[in-house]
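Q:
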Ligand code: AMP
């Protein structure tokens with residue numbers, strides 16, 4: 010059966026807290042440090058003696074909870090929260106999480122990070138069985154599966170349902186008696202757990218959020234695991250043994266915050282190694298190294314250390330502008346880059362510059378920055394990208410799903426160099442990336458998802474298979490909108 014895949018992508022941030030007198034306030038702080046994972050919506054569901062309440066809205070966390078009362082009415086010792094990053098279209102508060110479902114026999118709060126690969130076909134089946142969806146988010150699928158499960162107790166219903174959904178997912182669930190965190194069998198998205206001094210348990214998409222609230226790291230949630238937290242403490246259960254660790258490499262390259270650790274690897278250190286390996290693999294003659302703020306500063310510092318060229322502040326970022334990437338049209342994206350970055354003439358004038366960036370997706374950023382640096386008098390601009398060329402879409406929660414959007418899917422490195430106007434262009438090799446992150450190899454496996462670079466998807470693509478196969482046969486022209 011072929012189904013149209015129209016669900017929204019969810020690549021978001023999760024934070025949950027159990028056992029703190031001001032759970033929703035602390036959750037707010039936790040979410041604040043995850044704001045880079047999503048800026049388009051935010052919400053919190055809190056439980057107070059078995060009563061669940063929620064507040065959510067569109068925009069940044071501070072905009073959603075601008076009025077104190079929105080937070081203070083979320084009383085109770087337990088809360089889960091979410092910051093949302095969605096691609097253009099289908100917005101509106103209905104898709105903002107956490108969702109709060111109310112049933113005759115209880116309530117359920119639910120937040121999700123990732124993208125399901127069989128959500129559309131599951132939804133079709135569920136709707137045929139009478140389910141009525143309130144949003145067009147994948148997340149709701151799990152709730153309907155739980156409700157329709159024939160198992161007796163809630164945890165068994167949940168396990169049964171988690172086994173039916175495919176793709177990338179980290180879930181946080183909250184009902185009257187427990188908070189549950191669950192991770193997909195590949196562990197595409199990071200999810201970590203910690204404990205505060207007062208004993209409260211925290212679960213977060215990234216360890217930086219645990220640090221922000223003063224929680225000590227306990228462990229990463231492992232693929233196929235559920236962590237159940239209740240009045241008795243926490244326990245771990247597996248809903249499947251068929252696991253295969255494949256952490257999204259884009260988390261290390263771009264998405265996560267540099268002060269987070271994923272699977273024990275510090276993100277800044279991994280990025281610094283990426284820059285270092287890149288300088289080793291593809292040396293160029295230059296005077297200074299300049300990183301694109303902020304996501305490339307770690308890689309640029311590694312590049313500078315390895316090459317021996319001084320690291321200079323050749324680009325300055327206006328900190329008050331949101332990421333350019335999410336602007337819906339090419340023209341707006343380019344305008345965004347212009348507003349966001351300035352080249353420092355006094356630094357780059359007359360210099361041979363190595364411009365380090367973490368990745369090239371559509372090519373907008375690199376093209377614009379090369380011209381900014383040249384306009385500011387740079388003699389040469391060598392572009393060094395601290396990841397391999399992105400040639401394949403991601404179906405597990407990073408928001409590129411169209412091959413036509415990926416410049417490296419449609420052009421050779423030489424062509425891209427010409428398009429962005431660089432004097433040279435080098436990408437990090439896949440081997441360099443794997444080594445830079447340095448996860449321990451297991452049975453020859455890297456522990457990473459590298460599908461973006463090599464098309465080697467760690468799972469079947471289910472609803473996306475047909476679309477993906479079709480995209481492999483099509484040729485796209487550069488910057489088609
Ligand atoms: P582009 O201008 O389309 O080539 O985008 C490249 C820039 O977007 C890089 O400088 C990255 O820092 C950033 N980036 C990479 N992947 C993503 C993503 N999935 N979402 C948002 N931004 C991204």
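Numbering (the working numbering), first residue to last: 10 to 490.
All residues carry an ideal CB built from backbone N, CA and C; glycine is no exception.
On a predicted model such as this, the values are computed, not experimentally measured, just so you know.
#1: Give a yes or no on whether the C-beta atoms belonging to residue 248 and residue 259 are separated by under 7 Å.
#2: Kindly indicate which three-state DSSP category residue 158 falls into: helix, strand or coil?
#3: In or out: residue 195 buried (at least 16 other Cβ within 10 Å) or exposed?
#4: Does the ligand AMP have even one heavy atom less than 6 Å from the beta-carbon of residue 310?
#5: Between which two residues does the alpha helix (DSSP H) carrying residue 357 extend?
#6: Rounded to the nearest angstrom, what separates residue 445 and residue 34 at their Cα positions?
#7: Taking 6 Å as the line, does the beta carbon of residue 105 fall inside it for any heavy atom of the ligand AMP?
#8: According to the Cβ coordinates, are residue 298 and residue 313 closer than 7 Å?
#9: On the criterion of 16 or more Cβ atoms from any shown chain inside 10 Å, does residue 147 qualify as buried, or is it exposed?
#10: Taking 6 Å as the cut-off, is the beta-carbon of residue 378 closer than that to any non-hydrogen atom of the ligand FMN?
#11: Can you list, in chain order, the residues of its chain with a C-beta nearer than 8 Å to that of residue 428? Leave out the 5 residues immediately preceding and following it.
#12: Rounding to the nearest angstrom, what Cα-Cα distance links residue 333 and residue 326 in this structure?
#13: How many whole angstroms separate the CB atoms of residue 359 and residue 213, which I take to be in contact at a CB cut-off of 8 Å?
#14: Residue 37 lies in the alpha helix (DSSP H); which residues open and close that run?
#15: So residue 361 and residue 389 are supposed to be a Cβ contact under 8 Å. How far apart are they, rounded?
#16: Rounded to the nearest angstrom, what separates residue 472 and residue 133 at their Cα positions?
#17: Just verifying my parser: in three-state terms, what is the DSSP assignment at residue 413?
#18: Can we count residue 468 as close to the ligand AMP, meaning its CB is less than 6 Å from some heavy atom?
#19: Name the DSSP bridge partner or partners of residue 351?
#20: Could you name each continuous alpha helix (DSSP H) segment of 4 residues or more that falls completely within the region 245–302, going from the start of the chain to the end?
#21: In its own chain, which residues sit with a C-beta less than 8 Å from the C-beta of residue 150, not counting the 5 before and 5 after it?
#22: Return the chain-ordered list of same chain residues with a C-beta closer than 6 Å to the C-beta of residue 180, the five sequence neighbours on each side being excluded.
#23: Closer than 7 Å by C-beta to residue 434: which residues in its own chain qualify, once you throw out the five before and the five after it? Chain order, please.
#24: Assign residue 441 to buried or exposed, taking buried as 16 or more other Cβ atoms, counted over all protein chains shown, within 10 Å of its Cβ.
#25: Just verifying my parser: in three-state terms, what is the DSSP assignment at residue 335?
#26: Please go through the same chain and pick out, in chain order, the residues whose beta-carbon is closer than 8 Å to the beta-carbon of residue 152, but skip the five residues on each side of it.
#27: Can you tell which of 432, 451, 455 has its C-alpha closest to the C-alpha of residue 439?
A: Quick answer:
#1: No, these two residues do not count as a Cβ contact at 7 Å.
#2: The answer is coil: DSSP assigns residue 158 none of H, G, I, E or B.
#3: Here residue 195 is buried: its Cβ has 16 or more other Cβ atoms, across all protein chains shown, within 10 Å.
#4: Not under cutoff, so the answer is no.
#5: 354–357 is the extent of the alpha helix (DSSP H) around residue 357.
#6: For residue 445 and residue 34, the distance between alpha carbons rounds to 37 Å.
#7: No, the Cβ of residue 105 stays beyond 6 Å of every heavy atom of the ligand AMP.
#8: For residue 298 and residue 313, yes; Cβs fall inside 7 Å.
#9: Buried, since its Cβ has 16 or more Cβ neighbours within 10 Å.
#10: Here the bound small molecules are the ligand AMP; the ligand FMN is not part of this structure.
#11: Cβ neighbours of residue 428 beyond the five flanking positions: 372, 376, 416, 420, 487.
#12: With a pLDDT of only 47 at residue 333, under 50, the local geometry of the prediction cannot be trusted, and the value read off the model is given with reservation. Spanning the alpha carbons of residue 333 and residue 326 requires a straight line of approximately 12 Å.
#13: Wrong, their Cβ atoms sit about 46 Å apart, outside the cutoff.
#14: Unbroken alpha helix (DSSP H) run through residue 37: 32–41.
#15: Indeed they touch by this definition, with Cβ atoms about 4 Å apart.
#16: If I take the Cα positions, the gap works out to 11 Å.
#17: In the structure shown, the three-state DSSP call for residue 413 is helix.
#18: With a cutoff of 6 Å, residue 468 does not count as near the ligand AMP, since its C-beta is closer than that to no heavy atom of the ligand.
#19: Partner(s): 325.
#20: Entirely contained in the region 245–302, the alpha helix (DSSP H) runs reaching 4 residues are, in chain order, 276–290.
#21: Once the five neighbours on either side are set aside, the close Cβ partners of residue 150 are 125, 128, 131, 132, 135, 174.
#22: Result list for residue 180: 121, 191, in chain order.
#23: Cβ contact annotation for residue 434 (same chain, cutoff 7 Å, sequence separation greater than five): 392, 422, 425, 426, in chain order.
#24: By the 16-neighbour rule on beta-carbons within 10 angstroms, residue 441 is buried.
#25: Summary for residue 335: the model assigns pLDDT 49, below 50, so the residue's position carries little reliability, and this model does not support an answer.
#26: Taken in chain order, the residues that qualify are 108, 110, 117, 119.
#27: Minimum Cα distance to residue 439 is reached at 455.
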